[in-house]
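> Shown below is the structure under consideration.
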Amino acid sequence: MVKQKSSVLFDIIKYPIITDKSTQLIENNQYSFAVDCKVNKEIIKQAIEYIFDVQVCSVNTMRLPIKKRKVRNIIGRKPRYKKAIVTLSKNYTINLLSK
4 MVKQKSSVLF DIIKYPIITD KSTQLIENNQ YSFAVDCKVN KEIIKQAIEY IFDVQVCSVN
64 TMRLPIKKRK VRNIIGRKPR YKKAIVTLSK NYTINLLSK
């Protein structure tokens, strides 16, 4: 396993995905993030552990398809992105929804 530089690890995680389904996954200690399309599971694990100071149990990834969007008469598309569902160990949590 190759260790990445800390400045690179912050660029890997784009933003957390907060939907109805992802908030239900938080009860199972699973968190969803949009990540860079070119990274693999090991690097995602390193980034989450470094940024949030938690212990990651597993990482599941999926590449979501391109979606077409129409605004008035212009047809465009949303770019493809990679989604990572990160499962944490029992004693760790990430506070995404701060009060």
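Using this note's numbering, you'd call the opening residue of the sequence shown number 4 and step up by one each time.
The C-beta atom is built at its ideal place from N, Cα and C for all residues, glycine as well.
To the nearest angstrom, report how far apart Ile46 and Ile16 are at their CA atoms.
Here residue 46 refers to the residue found at position 43 when the sequence shown is read from its first residue. Here residue 16 refers to the residue found at position 13 when the sequence shown is read from its first residue. Cα to Cα, Ile46 sits roughly 10 Å from Ile16.
> Comparing alpha-carbon positions, which option in Lys70, Tyr53 and Lys41 lies nearest Ile78?
Along the sequence shown, one-based indexing puts residue 78 at 75. Looking only at Lys70, Tyr53 and Lys41, the smallest Cα-Cα distance to Ile78 is reached by Lys70.
> Count the CB pairs spanning the stretch 20-32 and the stretch 47-59 that are closer than 8 Å, and state whether there are at least three.
With a cut-off of 8 Å, the stretch 47-59 and the stretch 20-32 do not count as touching, because too few Cβ pairs lie within range.
> Do Arg75 and Lys81 have their beta-carbon atoms positioned less than 9 Å apart in this structure?
As a first step, residue 81 is located in the sequence shown; it is residue number 78 there, counting from the start. As a first step, residue 75 is located in the sequence shown; it is residue number 72 there, counting from the start. In this structure, Arg75 does not lie closer than 9 Å to Lys81 by Cβ.
> So if DSSP puts Phe36 in a beta bridge, which residue, or which two residues, is it bridged to?
Taking the sequence shown and counting its residues from 1, the one referred to as residue 36 is at position 33. The partner list for Phe36 (beta bridge, DSSP) reads Pro19 and Ala87.
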